[in-house]
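Student:
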Amino acid sequence: MPTATARQHLCSGLETEAIIAGRLIKVPKHSNIIEAYGAIEEAEALIARARLSLSNRGEKDLAKRLEKIQKAIRLLPAFLAGSIDAGTILLLVEEASQGLQEPRGWSLTGCTPEDPDIVLASTKLRAAERSIARATSEESIVPIELAQAFSDLVTRMTYTLYKIHWSLCPEETKASSIHEFLEKS
Numbered sequence: 724m725p726t727a728t729a730r731q732h733l734c735s736g737l738e739t740e741a742i743i744a745g746r747l748i749k750v751p752k753h754s755n756i757i758e759a760y761g762a763i764e765e766a767e768a769l770i771a772r773a774r775l776s777l778s779n780r781g782e783k784d785l786a787k788r789l790e791k792i793q794k795a796i797r798l799l800p801a802f803l804a805g806s807i808d809a810g811t812i813l814l815l816v817e818e819a820s821q822g823l824q825e826p827r828g829w830s831l832t833g834c835t836p837e838d839p840d841i842v843l844a845s846t847k848l849r850a851a852e853r854s855i856a857r858a859t860s861e862e863s864i865v866p867i868e869l870a871q872a873f874s875d876l877v878t879r880m881t882y883t884l885y886k887i888h889w890s891l892c893p894e895e896t897k898a899s900s901i902h903e904f905l906e907k908s
C-alpha cells in the first residue's frame, strides 16, 4: 500500500496547468480545456495537410486561404489565455473568406482529396467548442463571455471552411435541397 507521500506524488501527475483568461490554473489532464486544446491542434494539422495538398495541385489561392485559417486556428489557445483579442483572429478569417462564393445549399464530402480534411477540421473545431462549453458549465474554468466569444470565432471559421469546401466541389455535387440532389443522381 503506497504511503500518503507516494499517493500525493501519484496524484500530482494527473494535473497540468493552463492559462485561461489571464489566470494560470491547475486542471486535471482529463479536463475539458485540455480536450479543447487537443481538438484545436488536430484541426490545425488537418488544415495544414489540406493546404499542402492544394498547393501541390496548383490551387494556390485556396491554399493561401487555408493558410490564413490555419494561422487563425493556431491563435485560438492564445485567445483562450487572454493574450490576444478576437479581432486578430477575425481579421485572418475575414481575409480567408473574402471573395469566396456564398454556398447556396449543401454538397457531398469528398469532392477533392483535400475535402475530407477540411470537413474533419471543422468537426474538430466544433468539438473544441463543445469542450469549452463543458469547461464553462461543468468545471467553471472558462468565463462564459470567453466561451461565447470562442464559439463565435469557431462559427466564423467553420463557415469559411464550408465556403472553401463549396468552392472545391463541382456543380454536380451541389444542391439546394435533398430533392434537387436526388434528381441529379
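Just so you know, the sequence shown maps onto residues 724 to 908 in the numbering used here.
Think of the CB as a built atom: it goes at the ideal place given N, C-alpha and C, for glycine as much as any other residue.
1) Over what stretch of residues does the beta strand (DSSP E) that includes Ile-742 continue unbroken?
2) Just to confirm before moving on: does the CB-CB distance between Gly-805 and Gly-745 stay below 8 Å?
3) Figure out for me which residue from Ser-863, Tyr-760, Ile-812 and Tyr-882 has the closest Cα to the Cα of Val-842.
4) Identify the residues that DSSP records as bridge partners of Lys-749: which are they?
5) Nearest-angstrom Cα distance between Leu-747 and Gly-822?
6) For the candidate residues Glu-738, Ile-743 and Leu-737, whose alpha-carbon lies nearest to that of Val-865?
7) Which full runs of the alpha helix (DSSP H) of 4+ residues lie inside the segment 831 to 893, going along the chain?
Tutor: On the basis of the coordinates in this document:
1) Looking at the DSSP string, the run of the beta strand (DSSP E) that includes Ile-742 is 738 to 743.
2) Note that the C-beta distance between Gly-805 and Gly-745 is below 8 Å.
3) When only C-alpha atoms are compared, the closest one is Tyr-882.
4) Looking at the DSSP assignment, Lys-749 forms a beta bridge with Glu-740.
5) Distance between the alpha carbons of Leu-747 and Gly-822 is about 40 Å.
6) If we check each option's Cα against that of Val-865, Ile-743 comes out closest.
7) You should have 838 to 860 and 867 to 891.
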